[in-house]
Amino acid sequence: MKKLRQLLGILLAILCVSSLAPAGHAAATTAVDAKAAVLVDAQTGQIIYQQNAKQKLPIASISKLLTVLVIEDEITRGELNWDTRVAISKDVAAVANNPEYSNAGLQQGATYTVGELVQAALIKSADGATLALAGAVGDSTAAFNQKMQKKARALGVKDAQIVNAVGLQNEDLPTKLQVKGVSGKAENEMSATDVAKIASYLLAHYPRAARVAGQRTMQLTTPNGNSKTLTNINQLLTNTAYAVAGVKYTGLKTGTSHAAGYCLASSATYQGRTLVAVVLHANGTTTSRFTATQHLYQWLVDQQIQPQQLTLSAQAKRITVKGGLPLKVPVQAPALVVWTKPGASLPKYQAVVKLNPHLATNDALRAPLKRGTKVGTVSVKTTGLSSLTRHRLHVDLYTTQQVDKASFIRILWHRFVD
């Protein structure tokens, strides 16, 4: 698509904000006791803190976030639904009842709903439940891996290593579930920023799964009709010792393996914003990931890093429409927010508009369009900030008026009159 110059240029704004400094362009003045860490604004993608955040590392059961994204996509396409019942195979049951792994004791031959399996995967980190989900529509391990890779690439995760839906080493799975031609020691790997992309996407697009990841407990119905309680192993949700004033923890997922160490992808709200913190291979014991994450949020509070709203002077403008009326449609984006340190000044910004190619031809939108249609994005171009998405913060752009399809004669008349 051609670069948007003329009509899109009306949405080009230069921003200058004084008495502030951007947060997170480089590593912060603290150190997280882990191999890698990142703290981001999940709504804009701004990186507030990063430490070795782009190195690809084992992530263990954090992989289940990506697995659930694939399942949610299958639900959206109508291939599954939350109440679809999934039978537990012999191989899945072997994993689900192996005390060496995270498990929920699923029984061979029993059936569980997709919803129950998603809850068990996210709350208890149940490996058997995750494997059952991966095979819910008949996929082999390799076939489901391809779906995970495709979804990851769509989110900007380009070089992830995906071995299975669970995050275990290849050789840890029953022979029938292993991937042929892959080392037995191979396991899922990606960077902390890649994990943050996946977590941010889940929070934005699948709120049901996000709510599940924030549940403290769940009730799982057993084959004999009884119920057992599974407790979330994310101690940020259950142990007040990790509390940080003003920060509310909302999820998401732990991960543990010999190679990955103790990992955590967490979500929280602070100052009205949604944050994602990722800690990979925290040094110490299983609680070290929670302590490291707590310190990261505490650093944010102690440094008085605050979200600052940037006002786009040309935020609500009009874009040309082809084949419809009005000839130009008003568009608007939510105000962009930047996390800043007090005491300095931000550089100037360019707010750049990119239209959705499925809705636009060159620099014009195609009719018809409903009011509130997402037609593109507005991103801030600057060298002063780091982002998960090509070093640009972005928000979505929406129409504020309906556009009806119109005949050539009507369009010509309006052009003449206007």
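Counting with mature numbering (1 follows the signal peptide of the UniProt record, and there is no 0), you get residues -23 to -1, 1 to 395 for the letters of the sequence shown. Every residue gets a Cβ at the ideal spot worked out from N, C-alpha and C, and that includes glycine.
Let me check understanding here. Comparing Cα to Cα, which of the options lies closest to residue i?
i, options, result
"His335", "Gln327, Ala328, Lys325, Leu346", "Leu346"
"Ser79", "Ala111, Val45, Ser38, Glu93", "Ser38"
"Thr118", "Asp136, Gln20, Lys157", "Lys157"
"Leu207", "Lys318, Leu277, Leu83", "Leu83"
"Ala236", "Leu110, Ala70, Leu34", "Leu34"
"Asp149", "Glu164, Gly22, Ile36", "Glu164"
"Lys12", "Lys294, Asn29, Thr194", "Asn29"
"Ser356", "Ala310, Val143, Ala129, Ala344", "Ala310"
"Val159", "Thr170, Met167, Gln146, Ser168", "Gln146"
"Val9", "Val329, Gln281, Ile296, Leu241", "Leu241"
"Arg130", "Ala111, Pro151, Met167, Ala98", "Met167"
"Gln212", "Lys205, Gln192, Ser204", "Gln192"
"Asp116", "Arg343, Ala142, Ala73, Thr354", "Ala142"
"Leu229", "Tyr239, Ala254, Lys294, Ala220", "Ala254"
"Thr194", "Ala81, Thr233, Gln248", "Ala81"
"Ala87", "Leu197, Thr231, Val47, Ser234", "Leu197"
"Asp50", "Tyr239, Val15, Lys127", "Lys127"
"Tyr89", "Gln248, Pro151, Ala269, Ser204", "Ser204"
"Asn122", "Tyr274, Val47, Lys331, Leu332", "Val47"
What does DSSP give as the partner residues of residue i in its beta bridges?
i, result
"Met125", "Answer by DSSP bridge pairing: none, since Met125 is not bridged."
"Leu252", "Asp18, Ala245"
"Glu316", "Checking the displayed sequence, the identity of residue 316 turns out to be Trp instead of Glu. BP columns for Trp316 point to Pro284."
"Lys153", "Beta-bridge pairing links Lys153 to no other residue."
"Ile210", "Answer is none; Ile210 lacks a bridge partner."
"Tyr26", "Leu16"
"Gln138", "Glu166"
"Ser204", "Thr198"
"Thr338", "Ala341"
"Thr88", "Ala64"
"Ala11", "Ala259"
Which whole-angstrom value is the C-beta distance of residue i and residue j, which I expect to be below 8 Å?
i, j, result
"Val352", "Val298", "With 8 Å as the limit, Val352 and Val298 do not qualify as a contact, their Cβ atoms being about 10 Å apart."
"Val314", "Arg250", "7 Å"
"Val95", "Val189", "6 Å"
"Ile210", "Ser102", "6 Å"
"Gln27", "Ser363", "7 Å"
"Thr21", "Val380", "That pair is no contact at about 28 Å."
"Asp222", "Val278", "The sequence as given places Ala at residue 222; Asp does not occur at that position. At roughly 7 Å, the Cβ-Cβ gap stays under 8 Å, so Ala222 and Val278 are in contact."
"Lys41", "Ala98", "5 Å"
"Leu365", "Ser66", "Wrong, their Cβ atoms sit about 37 Å apart, outside the cutoff."
"Leu287", "Ala259", "In fact, because the Cβ distance is near 34 Å, the residues do not count as touching under 8 Å."
"Gln23", "Trp316", "6 Å"
"Val17", "Leu252", "7 Å"
"Lys358", "Tyr326", "7 Å"
Please report the straight-line C-alpha distance between residue i and residue j, rounded to a whole angstrom.
i, j, result
"Thr377", "Val306", "8 Å"
"Thr262", "His182", "33 Å"
"Lys382", "Arg348", "13 Å"
"Met(-23)", "Thr338", "Its pLDDT being 39, under 50, Met(-23) is placed unreliably in this model, and the coordinates cannot settle the point."
"Pro76", "Ala106", "14 Å"
"Ile100", "Arg185", "13 Å"
"residue 475", "Ala169", "Missing from the structure shown is residue 475; the chain here goes from -23 to 395 and no further."
"Asp68", "Leu154", "8 Å"
"Ala4", "Arg62", "Confidence at Ala4 is low in this model, with a pLDDT of 44, below 50, so the placement of that residue should be treated as unreliable; the coordinate-derived value is given next. Using only the alpha carbons, I get a separation of about 47 Å."
"Ala70", "Gln85", "5 Å"
"Val114", "Val134", "24 Å"
"Pro319", "Ile282", "7 Å"
"Gly300", "Ala328", "27 Å"
"Leu214", "Tyr226", "6 Å"
"Gly361", "Val91", "44 Å"
"residue 452", "Leu180", "Absent from the model: residue 452. The displayed extent of the chain is -23 to 395, so no value can be given."
"Ala344", "Ile296", "12 Å"
"Thr53", "Thr233", "30 Å"
"Pro200", "Lys174", "37 Å"
What residue range is occupied by the uninterrupted beta strand (DSSP E) comprising residue i?
i, result
"Gly228", "225 to 234"
"Lys294", "294 to 299"
"Tyr375", "370 to 376"
"Ser363", "Premise fails: Ser363 is in no beta strand (DSSP E) and is neither H nor E."
"Ser356", "351 to 358"
"Ala173", "From DSSP, Ala173 is part of no beta strand (DSSP E) but of the alpha helix (DSSP H) over 169 to 182."
"Arg343", "341 to 343"
"Arg62", "62 to 64"
"Ala328", "326 to 332"
"Thr196", "Correcting the residue type first, residue 196 is Gln in the shown sequence and not Thr. Run containing Gln196: 194 to 198, per the beta strand (DSSP E) assignment."
"Tyr78", "No beta strand (DSSP E) holds Tyr78; DSSP gives it neither H nor E."
"Gln309", "305 to 309"
"Thr262", "Taken as a continuous stretch (DSSP letters only), Thr262 belongs to no beta strand (DSSP E), as it is neither H nor E."
Along the chain, where does the alpha helix (DSSP H) containing residue i start, and where does it finish?
i, result
"residue 462", "Absent from the model: residue 462. The displayed extent of the chain is -23 to 395, so no value can be given."
"Tyr274", "265 to 279"
"Thr217", "Careful: Thr217 lies outside any alpha helix (DSSP H) and carries neither H nor E."
"Thr107", "104 to 111"
"Gln96", "91 to 100"
"Asn41", "The question names Asn, but residue 41 in the sequence shown is Lys. Per DSSP, Lys41 belongs to the alpha helix (DSSP H) from 40 to 53."
Would you please verify whether the beta carbon of residue i is less than 8 Å from any beta carbon of chain D?
i, result
"Gly320", "Absent here is chain D; the protein component of the structure consists of one chain."
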